[in-house]
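Residue numbers (this note's numbering): 502 to 724.
Even glycine gets a Cβ: it sits at the ideal position worked out from N, Cα and C.
Accompanying notes for the structure given below.
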(Lines of atoms letter the chains of each structure in order from A and count residues from 1; the text may use other names and numbers.)
(Lines give C-alpha, C1' and ligand atoms only; values in the text may rest on other atoms or scores of the structure.)
Protein backbone atom coordinates (compact mmCIF):
# COMPACT_ATOMS: atom_id res chain seq x y z
CA UNK A 1 0.00 0.00 0.00
CA UNK A 2 1.36 3.40 -0.97
CA UNK A 3 1.59 6.17 1.56
CA UNK A 4 1.89 9.91 1.06
CA UNK A 5 5.00 11.59 2.31
CA UNK A 6 3.82 14.68 4.15
CA UNK A 7 7.29 15.97 5.07
CA UNK A 8 10.63 15.16 3.52
CA UNK A 9 12.58 14.94 6.78
CA UNK A 10 16.28 14.45 6.23
CA UNK A 11 16.72 12.12 9.18
CA UNK A 12 13.90 9.86 7.99
CA UNK A 13 15.19 9.72 4.44
CA UNK A 14 18.75 9.00 5.47
CA UNK A 15 17.48 5.86 7.16
CA UNK A 16 16.45 4.53 3.74
CA UNK A 17 20.08 4.20 2.71
CA UNK A 18 20.45 1.02 4.75
CA UNK A 19 18.74 -0.84 1.91
CA UNK A 20 21.47 0.08 -0.58
CA UNK A 21 21.05 1.12 -4.18
CA UNK A 22 19.60 -0.76 -7.11
CA UNK A 23 16.22 -2.07 -5.88
CA UNK A 24 14.51 -3.06 -9.14
CA UNK A 25 10.91 -2.22 -9.93
CA UNK A 26 8.65 -4.67 -11.76
CA UNK A 27 6.63 -3.67 -14.81
CA UNK A 28 3.64 -1.42 -14.14
CA UNK A 29 0.61 -2.09 -16.35
CA UNK A 30 3.00 -3.78 -18.74
CA UNK A 31 5.29 -0.74 -18.95
CA UNK A 32 8.96 -1.56 -18.27
CA UNK A 33 10.41 0.11 -15.19
CA UNK A 34 13.01 1.80 -17.41
CA UNK A 35 10.15 3.61 -19.21
CA UNK A 36 7.70 4.09 -16.33
CA UNK A 37 10.44 5.67 -14.21
CA UNK A 38 13.12 8.14 -15.30
CA UNK A 39 15.77 5.86 -13.79
CA UNK A 40 15.79 2.08 -14.34
CA UNK A 41 15.80 1.43 -10.58
CA UNK A 42 15.51 3.19 -7.23
CA UNK A 43 18.94 4.44 -6.25
CA UNK A 44 20.66 6.72 -3.75
CA UNK A 45 19.72 10.30 -4.36
CA UNK A 46 19.58 13.82 -2.99
CA UNK A 47 16.70 16.28 -3.33
CA UNK A 48 17.56 19.99 -3.42
CA UNK A 49 14.98 22.52 -2.26
CA UNK A 50 14.59 26.27 -2.39
CA UNK A 51 15.17 27.67 1.09
CA UNK A 52 15.81 24.45 3.01
CA UNK A 53 18.43 21.75 3.47
CA UNK A 54 18.68 18.85 0.99
CA UNK A 55 17.14 15.45 1.76
CA UNK A 56 18.60 12.04 0.92
CA UNK A 57 17.20 8.57 0.33
CA UNK A 58 16.46 5.81 -2.17
CA UNK A 59 14.44 7.48 -4.88
CA UNK A 60 13.17 7.56 -8.44
CA UNK A 61 10.87 9.74 -10.57
CA UNK A 62 7.69 8.47 -12.23
CA UNK A 63 7.44 9.51 -15.88
CA UNK A 64 3.67 8.95 -16.00
CA UNK A 65 2.68 11.50 -13.34
CA UNK A 66 6.01 13.25 -12.66
CA UNK A 67 5.97 12.39 -8.98
CA UNK A 68 9.03 11.92 -6.82
CA UNK A 69 9.09 8.43 -5.27
CA UNK A 70 10.98 7.02 -2.26
CA UNK A 71 11.38 3.60 -0.69
CA UNK A 72 10.66 3.42 3.04
CA UNK A 73 12.47 1.17 5.53
CA UNK A 74 10.20 -1.73 4.56
CA UNK A 75 10.88 -1.31 0.85
CA UNK A 76 7.42 0.20 0.23
CA UNK A 77 7.12 2.90 -2.41
CA UNK A 78 6.23 6.37 -1.11
CA UNK A 79 4.89 9.18 -3.28
CA UNK A 80 6.41 12.45 -2.08
CA UNK A 81 3.93 15.20 -1.33
CA UNK A 82 4.34 18.99 -1.31
CA UNK A 83 7.35 19.12 -3.63
CA UNK A 84 6.69 22.59 -5.04
CA UNK A 85 9.98 23.83 -3.54
CA UNK A 86 12.08 21.09 -5.23
CA UNK A 87 14.64 22.63 -7.59
CA UNK A 88 16.63 19.60 -8.71
CA UNK A 89 17.30 15.97 -7.88
CA UNK A 90 20.49 13.95 -8.13
CA UNK A 91 19.98 10.16 -8.45
CA UNK A 92 23.19 8.16 -8.62
CA UNK A 93 25.16 10.50 -10.90
CA UNK A 94 22.19 11.75 -12.97
CA UNK A 95 20.74 15.25 -12.55
CA UNK A 96 17.06 16.13 -12.94
CA UNK A 97 15.80 19.71 -13.02
CA UNK A 98 12.27 20.47 -11.87
CA UNK A 99 10.70 23.29 -13.84
CA UNK A 100 7.02 24.11 -14.32
CA UNK A 101 6.00 21.09 -12.28
CA UNK A 102 7.90 18.70 -14.57
CA UNK A 103 11.17 16.80 -14.16
CA UNK A 104 13.76 17.05 -16.93
CA UNK A 105 16.86 14.90 -17.24
CA UNK A 106 19.90 17.16 -17.61
CA UNK A 107 22.77 16.45 -20.00
CA UNK A 108 25.41 19.13 -19.31
CA UNK A 109 27.36 20.86 -22.05
CA UNK A 110 29.01 23.26 -19.59
CA UNK A 111 28.62 23.72 -15.83
CA UNK A 112 25.80 26.23 -16.48
CA UNK A 113 23.76 24.86 -19.38
CA UNK A 114 22.98 21.79 -21.44
CA UNK A 115 20.24 19.66 -22.96
CA UNK A 116 17.06 18.92 -21.00
CA UNK A 117 14.96 15.87 -21.93
CA UNK A 118 11.34 15.58 -20.84
CA UNK A 119 9.73 12.15 -21.07
CA UNK A 120 5.96 11.82 -21.32
CA UNK A 121 4.34 8.42 -20.85
CA UNK A 122 0.63 8.34 -21.66
CA UNK A 123 -1.28 5.19 -20.70
CA UNK A 124 -4.11 4.73 -23.20
CA UNK A 125 -6.72 3.44 -20.79
CA UNK A 126 -9.51 4.33 -23.17
CA UNK A 127 -8.13 1.94 -25.80
CA UNK A 128 -10.50 -0.88 -26.73
CA UNK A 129 -10.28 -3.99 -28.86
CA UNK A 130 -10.45 -3.20 -32.55
CA UNK A 131 -8.61 0.12 -32.25
CA UNK A 132 -5.48 -0.04 -34.38
CA UNK A 133 -2.17 1.59 -33.57
CA UNK A 134 -2.72 3.93 -36.51
CA UNK A 135 -5.76 5.46 -34.79
CA UNK A 136 -4.02 6.03 -31.46
CA UNK A 137 -3.19 9.71 -31.27
CA UNK A 138 0.34 10.47 -30.15
CA UNK A 139 0.76 13.50 -27.90
CA UNK A 140 1.78 16.72 -29.60
CA UNK A 141 5.10 17.60 -28.01
CA UNK A 142 7.56 20.12 -29.37
CA UNK A 143 10.57 18.47 -30.98
CA UNK A 144 9.40 14.98 -30.14
CA UNK A 145 10.51 11.57 -31.17
CA UNK A 146 7.96 9.04 -30.04
CA UNK A 147 7.03 5.38 -30.31
CA UNK A 148 4.03 3.26 -29.45
CA UNK A 149 4.57 0.46 -26.96
CA UNK A 150 2.26 -2.07 -25.40
CA UNK A 151 2.34 -4.42 -22.46
CA UNK A 152 0.16 -6.81 -24.44
CA UNK A 153 -1.88 -6.24 -27.57
CA UNK A 154 -1.74 -2.88 -29.35
CA UNK A 155 -5.30 -3.54 -30.50
CA UNK A 156 -6.63 -3.57 -26.96
CA UNK A 157 -6.17 -4.62 -23.38
CA UNK A 158 -4.52 -7.99 -22.94
CA UNK A 159 -5.62 -10.74 -20.51
CA UNK A 160 -3.46 -9.36 -17.69
CA UNK A 161 -5.21 -6.00 -17.86
CA UNK A 162 -2.26 -4.11 -19.34
CA UNK A 163 -2.87 -1.01 -21.44
CA UNK A 164 -1.17 0.25 -24.58
CA UNK A 165 0.90 3.35 -23.97
CA UNK A 166 2.77 6.03 -25.89
CA UNK A 167 6.17 7.46 -24.99
CA UNK A 168 7.47 10.78 -26.25
CA UNK A 169 10.60 12.70 -25.36
CA UNK A 170 10.84 16.46 -25.84
CA UNK A 171 14.25 18.03 -26.45
CA UNK A 172 14.85 21.37 -24.74
CA UNK A 173 17.75 23.27 -23.17
CA UNK A 174 18.44 24.42 -19.64
CA UNK A 175 20.30 27.39 -18.25
CA UNK A 176 21.20 26.83 -14.59
CA UNK A 177 17.86 25.75 -13.06
CA UNK A 178 15.60 27.07 -15.84
CA UNK A 179 14.36 24.88 -18.71
CA UNK A 180 13.73 26.59 -22.04
CA UNK A 181 12.60 25.69 -25.57
CA UNK A 182 15.23 25.86 -28.30
CA UNK A 183 14.55 29.25 -29.85
CA UNK A 184 16.69 31.96 -31.41
CA UNK A 185 16.05 34.26 -28.45
CA UNK A 186 17.04 31.65 -25.86
CA UNK A 187 20.16 30.68 -27.81
CA UNK A 188 21.25 34.32 -27.93
CA UNK A 189 20.84 34.49 -24.16
CA UNK A 190 23.09 31.46 -23.76
CA UNK A 191 25.61 32.63 -26.35
CA UNK A 192 25.61 36.47 -26.40
CA UNK A 193 28.85 36.52 -28.42
CA UNK A 194 27.35 34.34 -31.16
CA UNK A 195 24.29 36.40 -32.10
CA UNK A 196 25.32 36.89 -35.73
CA UNK A 197 26.04 33.18 -36.18
CA UNK A 198 22.71 32.26 -34.58
CA UNK A 199 20.84 34.73 -36.82
CA UNK A 200 22.56 33.19 -39.84
CA UNK A 201 21.61 29.67 -38.73
CA UNK A 202 17.92 30.54 -38.42
CA UNK A 203 17.95 32.65 -41.60
CA UNK A 204 19.19 29.59 -43.47
CA UNK A 205 16.21 27.65 -42.04
CA UNK A 206 18.41 24.86 -40.83
CA UNK A 207 16.60 22.18 -38.77
CA UNK A 208 16.51 22.30 -35.00
CA UNK A 209 17.65 19.20 -33.10
CA UNK A 210 15.11 16.48 -32.42
CA UNK A 211 17.24 13.96 -30.52
CA UNK A 212 19.66 14.12 -27.60
CA UNK A 213 22.74 13.56 -29.75
CA UNK A 214 21.66 16.22 -32.22
CA UNK A 215 20.98 18.70 -29.41
CA UNK A 216 24.35 18.10 -27.74
CA UNK A 217 26.14 18.64 -31.05
CA UNK A 218 23.96 21.66 -31.79
CA UNK A 219 24.84 23.42 -28.52
CA UNK A 220 28.51 22.51 -28.74
CA UNK A 221 28.90 24.46 -31.99
CA UNK A 222 28.09 27.75 -30.21
CA UNK A 223 30.26 27.05 -27.17
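No Cβ-Cβ contact shorter than 7 Å links residue 562 with residue 614.
The C-alpha of residue 679 lies about 34 Å from the C-alpha of residue 574. By the CB criterion at 7 Å, residue 544 and residue 593 fall inside the cutoff. Rounded to the nearest whole angstrom, the CA to CA distance from residue 560 to residue 706 is 42 Å. In the structure shown, the three-state DSSP call for residue 694 is helix.
Pairing residue 665 with residue 621, the inter-Cα distance amounts to about 14 Å. Residue state for residue 564 is assigned as coil, using DSSP reduced to three classes. For residue 614, the beta-bridge partners assigned by DSSP are 676. Setting aside the 5 residues that flank it on each side, residue 677 is surrounded in the same chain by 613, 614, each with a C-beta closer than 8 Å to its C-beta; the list follows chain order. Taken through DSSP and simplified to helix, strand or coil, residue 586 comes out as coil. Its Cα nearest to that of residue 577, the residue 558 stands out among 558, 591, 588, 595. DSSP places residue 536 in no beta strand (DSSP E) but in the uninterrupted alpha helix (DSSP H) bounded by 534-537. Residue 675 sits away from residue 588, with the two beta carbons spaced by 7 Å or more. From the listed residues 607, 610, 571, 696, the smallest Cα separation to residue 547 is found for 571.
Residue pairing by DSSP places residue 600 opposite 603 in a beta bridge. Spanning the alpha carbons of residue 531 and residue 579 requires a straight line of approximately 21 Å.
For residue 714, the enclosing alpha helix (DSSP H) stretches over residues 713-721.
The beta-carbon distance between residue 625 and residue 667, rounded to whole angstroms, is 7 Å. This is short enough to meet the 8 Å contact definition. Between residue 616 and residue 610, the alpha-carbon positions lie close to 7 Å from each other. Contact annotation, residue 692 with residue 699: C-beta distance approximately 7 Å; criterion of less than 8 Å satisfied. Per DSSP, residue 683 lies in no beta strand (DSSP E) and is assigned neither H nor E. By the Cβ-count criterion, residue 670 is buried, with 16 or more other Cβ atoms from all chains shown falling within 10 Å of its own Cβ. The three-state reading of DSSP puts residue 545 in strand, counting E and B together.
The C-beta separation of residue 596 from residue 581 comes to about 18 Å, leaving the pair out of contact by the 8 Å criterion.
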